[in-house]
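In UniProt numbering, the protein residues as written are 1 to 737.
Every residue, glycine too, gets a C-beta built ideally from N, C-alpha and C.
Structure record follows, encoded as structure tokens.
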Amino acid sequence: MGDVRRSSRSHKPNARYTQDPLEGVDFDDEPEDGRQFEPLPLKHKSGHDFDANDAQDNDDEDEYVAERRDSGKSRSYNHDDDSVDEDGDTNSGAEEVDLTRVRAPKEITLNDGRKRPLKEDGKRSRLLFEFHKGSHERRLHSFYGRDEGDYKPASATRNISYPYPTLPARRLIQDLSSGGPAGGMAYSLFHPDEARKLEGTTGWNWYYEHGGRSAFQERQYMKSITVDEALPYVAQPAHKSINLLLGPFREPQLYNLRVGKSMRLKDSWPLPKVPDPTYKNGWLLNVGRRIQGIEWIPNRNSGTQYLCISMLRQQIARPPPGVNTTSAFRPGESHKDTFELWAFDIPPTNGPNTPVLRPEPRLAMTICTDWGYLKEFKWCPCLKHKSRKSQDDPKTTKFGLLAGIWSDGALRVLDLSSCVEAAEPQYLHISRAAFEVRIPGSVCTSLTWLSSNVIAASGADGTVSIWDISQVLRCEAPQTPKPFFYELIHDTYILSISSAYPSHPHLVTTTSMDGFFYLFDIRSPKIDKSWPPRSRIGPPTTVWSDHCQGWLSPDDHCLVKLFSMRRVFSYVAVGRGDGIVGCLATSPVHLSALMGTHSGHVHVTNPERKIFDSRTLAWQQTWFLHEWKSAQCNEDESDATMADDDDFANGPLHHKPDSKEVRSKPLVRITEGYNPVEVQMNGVEATADGDDFDASFTIHEEQTAITSTSWNPNLNYGGWAAAGMGSGLVRVEDISI
Numbered sequence: 001m002g003d004v005r006r007s008s009r010s011h012k013p014n015a016r017y018t019q020d021p022l023e024g025v026d027f028d029d030e031p032e033d034g035r036q037f038e039p040l041p042l043k044h045k046s047g048h049d050f051d052a053n054d055a056q057d058n059d060d061e062d063e064y065v066a067e068r069r070d071s072g073k074s075r076s077y078n079h080d081d082d083s084v085d086e087d088g089d090t091n092s093g094a095e096e097v098d099l100t101r102v103r104a105p106k107e108i109t110l111n112d113g114r115k116r117p118l119k120e121d122g123k124r125s126r127l128l129f130e131f132h133k134g135s136h137e138r139r140l141h142s143f144y145g146r147d148e149g150d151y152k153p154a155s156a157t158r159n160i161s162y163p164y165p166t167l168p169a170r171r172l173i174q175d176l177s178s179g180g181p182a183g184g185m186a187y188s189l190f191h192p193d194e195a196r197k198l199e200g201t202t203g204w205n206w207y208y209e210h211g212g213r214s215a216f217q218e219r220q221y222m223k224s225i226t227v228d229e230a231l232p233y234v235a236q237p238a239h240k241s242i243n244l245l246l247g248p249f250r251e252p253q254l255y256n257l258r259v260g261k262s263m264r265l266k267d268s269w270p271l272p273k274v275p276d277p278t279y280k281n282g283w284l285l286n287v288g289r290r291i292q293g294i295e296w297i298p299n300r301n302s303g304t305q306y307l308c309i310s311m312l313r314q315q316i317a318r319p320p321p322g323v324n325t326t327s328a329f330r331p332g333e334s335h336k337d338t339f340e341l342w343a344f345d346i347p348p349t350n351g352p353n354t355p356v357l358r359p360e361p362r363l364a365m366t367i368c369t370d371w372g373y374l375k376e377f378k379w380c381p382c383l384k385h386k387s388r389k390s391q392d393d394p395k396t397t398k399f400g401l402l403a404g405i406w407s408d409g410a411l412r413v414l415d416l417s418s419c420v421e422a423a424e425p426q427y428l429h430i431s432r433a434a435f436e437v438r439i440p441g442s443v444c445t446s447l448t449w450l451s452s453n454v455i456a457a458s459g460a461d462g463t464v465s466i467w468d469i470s471q472v473l474r475c476e477a478p479q480t481p482k483p484f485f486y487e488l489i490h491d492t493y494i495l496s497i498s499s500a501y502p503s504h505p506h507l508v509t510t511t512s513m514d515g516f517f518y519l520f521d522i523r524s525p526k527i528d529k530s531w532p533p534r535s536r537i538g539p540p541t542t543v544w545s546d547h548c549q550g551w552l553s554p555d556d557h558c559l560v561k562l563f564s565m566r567r568v569f570s571y572v573a574v575g576r577g578d579g580i581v582g583c584l585a586t587s588p589v590h591l592s593a594l595m596g597t598h599s600g601h602v603h604v605t606n607p608e609r610k611i612f613d614s615r616t617l618a619w620q621q622t623w624f625l626h627e628w629k630s631a632q633c634n635e636d637e638s639d640a641t642m643a644d645d646d647d648f649a650n651g652p653l654h655h656k657p658d659s660k661e662v663r664s665k666p667l668v669r670i671t672e673g674y675n676p677v678e679v680q681m682n683g684v685e686a687t688a689d690g691d692d693f694d695a696s697f698t699i700h701e702e703q704t705a706i707t708s709t710s711w712n713p714n715l716n717y718g719g720w721a722a723a724g725m726g727s728g729l730v731r732v733e734d735i736s737i
């Protein structure tokens with residue numbers, strides 16, 4: 001060994017800044033009675049003395065896990081001048097053991113008595129590989145599983161989607177790196193065609209053959225009403241129109257959009273030199289009220305596409321501080337409200353790969369209820385086979401089963417349909433639902449589908465309830481339906497619930513106000529339960545991605561985390577928002593995910609790329625940025641000037657931008673045209689003086705937030721994305737490439 005490098009500095013004693021109160025006191029090294037305090041011999045777990053020689057003889061067989069180091073060298077508790085005999089005893093007669101070398105067991109005993117050997121390094125673990133270590137194959141087995149039915153679909157999905165880091169691909173192409181096809185829309189390979197066909201036929205027996213459809217027709221009270229009868233249910237918007245700044249960043253145009261109208265996105269942009277029918281293929285709607293939720297109707301692979309929109313009733317005035325209002329843990333007051341279905345007609349000449357939205361979107365149906373506003377809703381995602389669709393009435397357009405939670409705290413399931421030949425908007429009033437349940441002493445907060453007839457709901461008291469719709473419909477109407485599953489999962493208000501449908505519908509995740517994210521199996525919720533580290537704030541949402549076999553959920557650092565169902569105790573950071581992420585959306589036909597933030601950004605990313613390669617940076621692309629500016633009302637302006645909204649038609653405004661008419665209305669600026677960027681997951685920047693700070697948390701206007709996002713679940717139109725905003729605008733666009 002070479003000479004040890006020594007410091008050239010002179011050795012000086014360190015300066016002392018404290019005073020020892022016991023300095024100068026003489027302590028005897030030995031007690032007065034002459035007794036020596038000797039260390040007790042180290043005992044083995046079985047009760048026998050630990051044999052140090054035996055530990056040294058098996059150095060080549062066992063690895064030692066307890067080791068203390070000082071300056072890179074191991075320390076021994078035996079002094080150099082102590083002589084050790086063959087039995088391991090020192091001259092003092094007491095047994096001293098090198099505590100730096102302790103044997104680890106070679107195997108562990110399971111609950112059933114079987115013995116399982118430990119892994120090679122001798123350390124106890126969860127019997128799972130370290131996700132951030134090893135080859136791609138090892139990461140694949142760790143994240144998805146070692147069974148062929150688990151990792152083969154994952155590998156095939158990765159080869160198809162890996163060339164597209166952000167936006168989904170509309171067509172299949174030849175990947176030069178793998179030599180196979182890439183891109184295109186396809187259902188999850190973890191849910192094979194046989195299972196999907198069985199679900200689309202046998203899974204709907206309860207509805208078509210066992211009296212489910214007739215029960216909905218008998219118990220659901222629904223009638224068509226006129227426009228005048230529907231007016232009391234329609235809430236009046238705060239403004240009849242809104243001003244928009246759209247177009248190129250340096251040369252935006254000012255537009256005015258009335259409530260209930262729409263405009264094409266391409267009208268605010270210069271046309272390309274080469275005609276492209278898919279250029280800026282989308283619309284902008286103004287529904288007049290803050291968007292509460294949006295979702296596309298499934299099971300419509302051709303023809304008109306429908307978007308369901310629920311709005312929040314505007315508050316006339318906020319209550320003053322200290323005044324008690326309706327608690328979130330109690331049912332709210334029932335009042336009249338509506339939700340809408342918007343239709344996007346597709347010309348029959350367009351193929352599935354190039355769906356062009358040429359006709360203007362139209363309001364197809366307005367559903368009026370007396371249960372308050374629709375807080376959360378989800379359409380039944382189960383597919384229907386062609387043989388089942390042929391059993392529907394050809395004179396009506398079947399929308400499907402809609403499950404929703406209204407502000408009165410009840411969970412209801414509606415069976416909706418409309419007349420095929422209806423050209424004008426229809427108005428329906430529903431006074432009673434065939435399926436209506438409540439949680440005793442609490443309110444429903446979130447819902448998820450487990451199958452075509454099984455639905456789960458979370459409660460404000462921390463409970464999760466699951467009902468079988470087919471069994472409930474068989475009971476008499478006056479009886480209160482009881483869930484077949486009712487368990488206390490959290491200690492407080494549950495924010496969201498999501499099942500692993502369709503591949504693993506028995507696995508359910510919940511997030512609550514206490515910051516916990518729980519995964520449990522409904523077959524044994526108390527035993528099969530796991531959770532990652534607690535977040536400082538309650539995750540507002542969680543969504544399941546069947547292609548990635550995991551859940552996406554935001555955290556308090558504006559990150560979007562992917563939790564695998566096999567490794568829910570850890571996570572993979574797949575995206576980062578420019579503000580707090582409030583809504584997420586995944587698709588059943590591709591891997592791209594939408595992230596809506598409170599800052600008005602909507603990001604798109606492919607979360608699977610981070611699964612296979614932890615060293616690669618996450619790519620994401622901003623779809624658009626939405627910014628809100630409130631109206632400026634001057635006292636000297638007349639009421640006629642403030643209310644004169646009908647003088648401006650949809651289109652560019654040719655008067656001066658600083659006129660009173662423009663300032664009297666809210667102003668929205670939408671910025672788009674962003675490129676894909678690599679995102680750092682730490683999010684820490686440095687100032688000029690070297691101090692670190694995190695500038696992610698910013699307070700924005702309430703109307704600036706993106707409140708809801710949704711992908712079209714239909715295979716031929718999977719690239720259509722929709723985003724709802726706090727300003728009452730809805731943007732619909734085909735963003736696939």
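Residues that DSSP places opposite residue i in a beta bridge
i, result
"Cys308", "Glu295 and Leu341"
"Asn281", "None, per the DSSP bridge assignment."
"Cys583", "Gly596"
"Tyr518", "Thr510"
"Ser417", "Lys398"
"Lys561", "Ser553 and Ala573"
"Ala722", "Ser710 and Val732"
"Gln253", "Leu246"
"Tyr486", "Ser465"
"Tyr427", "Ile225 and Thr366"
"Thr622", "His603"
"Arg264", "Trp283"
Same chain, Cβ closer than 6 Å to residue i, neighbours up to 5 away in sequence not counted
i, result
"Asp345", "Thr304 and Pro359"
"Arg213", "Tyr207"
"Val679", "Arg576, Ala618 and Gln620"
"Arg663", "Gln632"
"Leu625", "Gly600, His601 and Thr671"
"Asp33", "For Asp33, the predicted model reports a pLDDT of 48, less than 50, meaning its position is unreliable; a value from the coordinates is still stated below. Within the same chain, Asp33 has no close Cβ partners at all."
"Pro272", "Tyr279"
"Phe563", "Gly550, Trp551 and Tyr571"
"Lys529", "Phe520"
Assumed close pair residue i, residue j - CB separation to whole angstroms, cut-off 8 Å
i, j, result
"Ile489", "Phe517", "Not quite, the Cβ-Cβ distance comes to about 11 Å (not below 8 Å), so this is no contact."
"residue 819", "Val668", "As shown, the chain starts at 1 and ends at 737. That puts residue 819 outside it, with no answer to give."
"Ile580", "His598", "5 Å"
"Lys197", "His385", "6 Å"
"Ser451", "Gly203", "6 Å"
Same chain only: Cβ atoms within 8 Å of residue i, ignoring 5 sequence neighbours per side
i, result
"residue 751", "A query on residue 751 cannot be resolved here, the shown segment of the chain reaching from 1 to 737 and no further."
"Gly372", "Gly332, Glu333, Ser334, His335, Asp337, Trp406, Ser407 and Asp408"
"Ser545", "Trp551, Leu552, Leu562, Thr586, Leu591, Ala593 and Pro607"
"Thr166", "Ser592, Val604, Thr605, Asn606, Trp619, Gln620, Gln621 and Pro676"
"Gly582", "Pro540, Thr541, Pro554, Gly596, Thr597, His598, Ala705, Ile706 and Thr707"
Cβ neighbours of residue i in the same chain (closer than 7 Å, five flanking residues each side left out)
i, result
"Ala643", "Residue confidence for Ala643 is low, a pLDDT of 37 falling below 50, so the modelled location carries little weight; the figure read from the coordinates is stated next. Answer for Ala643: no residue qualifies."
"Gly515", "Arg534, Ser535, Arg536, Ile537 and Gly538"
"Gly719", "Pro168, Arg170, Asp734, Ile735 and Ser736"
"Pro31", "For Pro31, the pLDDT reaches just 47, beneath the cut-off of 50, and the residue's location in the model is therefore unreliable, although a value from the coordinates is still provided. Around Pro31: no qualifying Cβ."
"Tyr674", "Gln621 and Thr622"
"Phe216", "Asp415 and Ala434"
"Pro361", "Ser262, Trp283, Leu285, Trp342, Ala343 and Phe344"
For the segment 205-220 against the segment 427-441, are there 3 or more C-beta pairs whose distance is under 8 Å? yes
Do three or more CB pairs link the segment 389-402 to the segment 183-190 at distances below 8 Å? no
Does the contact criterion of 3 or more C-beta pairs under 8 Å hold for the segment 332-344 versus the segment 378-388? Because the criterion of three Cβ pairs below 8 Å is not met, the segment 332-344 and the segment 378-388 do not touch.
For a minimum of 3 consecutive residues, which ranges assigned as the beta strand (DSSP E) are wholly contained in the segment 153-218? 172-174 and 181-183
For the segment 465-482 and the segment 361-368, state whether three or more C-beta atom pairs, one from each stretch, are separated by less than 8 Å. At 8 Å Cβ cutoff, the stretches do not touch.
Give the list of continuous alpha helix (DSSP H) stretches no shorter than 4 residues that lie fully inside the segment 447-477. 469-474
Taking contact to mean 3 or more Cβ pairs, one atom from each stretch, closer than 8 Å, check whether the segment 588-597 and the segment 702-720 are in contact. yes
Taking 8 Å as the cut-off, does the segment 232-240 touch the segment 435-451 (at least 3 CB pairs, one atom from each stretch)? They do not touch, by the three-pair rule.
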